[in-house]
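Notes for the one structure printed next.
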Amino acid sequence: METEEHDEQLAHFEFEQEETRVKKTREICSNGCDRPANVCLCGVLPTQSILTSTKLVILQHPYELRQKLATVPILTKCLINCQTIIGRRLRYGSSTLLDSLHNASINDSTLPHHAIFLFPEKTYAFFFSVIFNFHVLRIDINNLVLIVFDGTWNHAKEMVNASLPFLSKFASQVCLNYDVEVDGESIYDSELVLRKEPFGGCMSTIEAVARSLRLLEEPNGMDIENVLISVLRTMVKFQACHLKPVKPRPKLSKKQLIKASACQMNE
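For the sequence shown, the UniProt record's numbering begins at 1 and goes up steadily by one.
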């Protein structure tokens, strides 16, 4: 536990140091988005934060505080019922909201779950089928809590596994559609991807939340999704403008590679 707290404190310190250094060299927007002025998102952020019946809890890995492409800070500006927890696992004491769900479940194990957590695994139901089978999975859609994990693929897996002893008492696992047989899209292939994903269907935290709220927030789900996706699309466009074009290297056959290597050795 001391190691976790030390990592979190170190991440916060490094983030603050980096933030101070960046602010000295770049003008930061002070109108709401808190991003560099040349990539300001105020024009696409909702004029008023969106109120949802679904409560969102995000466990953010400490290292994500240093990521320039992190979408969680923007997500918290778009949604009212959004809580961010910095850490490597969810445990009792991490959140009063989750603690209350845990306590209720411990006191009466027959109560339906009031929380779901999002993570792709073959053994868990796709979100679309889950929405129509809440009663089968003992999930109460009223006052639902949606839990997501923000981090790299490896970090997210570690965070989920470390959180399961606590989460399994009151939350059900679901996932959006994905395909482990297909490589993840990159920013060059998709207008919604900021970073290379491990396989097809993986997505940024803001997109995962947008897709989920579309299903959970009827009848306004589609409107909420459109707002969040519009913000993400603008972020990706800004990022694409700052990428240096790279010419693809021609693929050589094994014979050509051997010949090229021999030529270099003779020079």
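Where is the CB? At the ideal position from N, CA and C, for every residue including glycine. From a predicted model like this one, the values you see are computed outputs, not experimental measurements.
Residue(s) in a DSSP beta bridge with residue i
| i | result |
| --- | --- |
| residue 55 | 145 |
| residue 78 | None; residue 78 has no bridge partner. |
| residue 150 | 60 |
| residue 118 | 174 |
| residue 50 | 79 |
| residue 36 | 28 |
Environment of residue i [buried if 16+ CB atoms lie within 10 Å]
| i | result |
| --- | --- |
| residue 66 | exposed |
| residue 93 | exposed |
| residue 52 | buried |
| residue 129 | For residue 129, the predicted model reports a pLDDT of 48, less than 50, meaning its position is unreliable; a value from the coordinates is still stated below. Label assigned to residue 129: exposed. |
| residue 206 | buried |
| residue 245 | Its pLDDT being 49, under 50, residue 245 is placed unreliably by the model, and the measurement read from it follows with that caveat. Counting Cβ neighbours within 10 Å, residue 245 comes out exposed, since fewer than 16 surround it. |
| residue 165 | exposed |
| residue 43 | exposed |
Under the three-state DSSP convention, the category residue i falls into
| i | result |
| --- | --- |
| residue 29 | coil |
| residue 60 | strand |
| residue 45 | coil |
| residue 205 | helix |
| residue 85 | strand |
| residue 98 | helix |
| residue 165 | helix |
| residue 173 | strand |
| residue 73 | helix |
| residue 271 | Missing from the structure shown is residue 271; the chain here goes from 1 to 267 and no further. |
Whole-Å CB distance - residue i paired with residue j, under 8 Å assumed
| i | j | result |
| --- | --- | --- |
| residue 79 | residue 56 | 6 Å |
| residue 115 | residue 144 | 7 Å |
| residue 45 | residue 160 | Not confirmed; about 30 Å, so no contact. |
Proximity of residue i and residue j at Cβ, strictly below 8 Å
| i | j | result |
| --- | --- | --- |
| residue 96 | residue 58 | no |
| residue 176 | residue 117 | no |
| residue 208 | residue 225 | no |
| residue 86 | residue 60 | yes |
| residue 39 | residue 238 | yes |
| residue 149 | residue 113 | no |
| residue 216 | residue 54 | yes |
| residue 235 | residue 41 | yes |
Contact with chain D by residue i, beta-carbon distance below 8 Å
| i | result |
| --- | --- |
| residue 225 | The chain labelled as chain D is not found in the depicted structure, where only one protein chain is given. |
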